[in-house]
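Working notes, beginning with the structure itself.
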């Protein structure tokens, strides 16, 4: 180094070569990231334990972290703690400070039979019925096994929900003599119309109402996103 070069470092008590500076920066970067990852894992584990305790006696089929594509302003991947029930999917924010986003099974037209490629990710696509939401919901998971578990569970829950709603529509048809009529073809004693399986309405005067997305009996025990049973 010339005297002019050394002049630049006159006020520095320690002079480190560029190679050593890079190594120090990389070491600090890795250390900070490792510590941040540990804190994040502890936080997620604590949150998962809380959800496990809350859902111990419920009919929750599957729960765990998943990513959904969307957002208020710019569409990005958002991490959510998802809880799948026989009649709905709940998407909770990581903070848990706001109400969860609810997706009811009777709103769903189809859960993609195969994975779809979206934004370089393998995803599960949920298509909604006409006029509901934005038409579709994209979900993914960095864990391939976990994503397969979500896909299978979502398809099964949707199928069972549709079968139950269809069965209820037939029973209502037999009770009120409207069997075979769909989409509001018949009415109950008090004049209320009967809809199809997606939004069936039963006359309140004839034995209560069955709301779309109502109670469905869970098939199988509660599982987490890694495929285990609780």
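Residue numbers (the working numbering): 763 to 992. We treat Cβ as the ideally placed atom computed from N, Cα and C, and that holds for glycine.
Restricted to the region 798-885, the beta strand (DSSP E) segments that are unbroken, complete and at least 3 residues in length are 824-832, 838-847, 850-854, 863-866, 870-873, 878-880, listed in chain order. Only buried fits residue 908, as 16 or more other CB atoms lie within 10 angstroms of its CB. The distance from the Cβ of residue 823 to that of residue 847 is about 6 Å, consistent with a contact at the 8 Å cut-off. Per the C-alpha coordinates, the member of 904, 864, 841 positioned closest to residue 849 is 864. Judged by their CB atoms, residue 871 and residue 889 are nearer to each other than the 8 Å cut-off. CA-to-CA, the gap between residue 769 and residue 781 works out to about 20 Å. Per DSSP, the unbroken beta strand (DSSP E) holding residue 900 starts and ends at 898-902.
Between residue 873 and residue 916, the beta carbon gap of about 5 Å places them in contact (Cβ cut-off 8 Å). The beta carbon of residue 902 sits closer than 6 Å to those of 829, 883, 885, all from its chain and outside the five residues before and after it, given in chain order.
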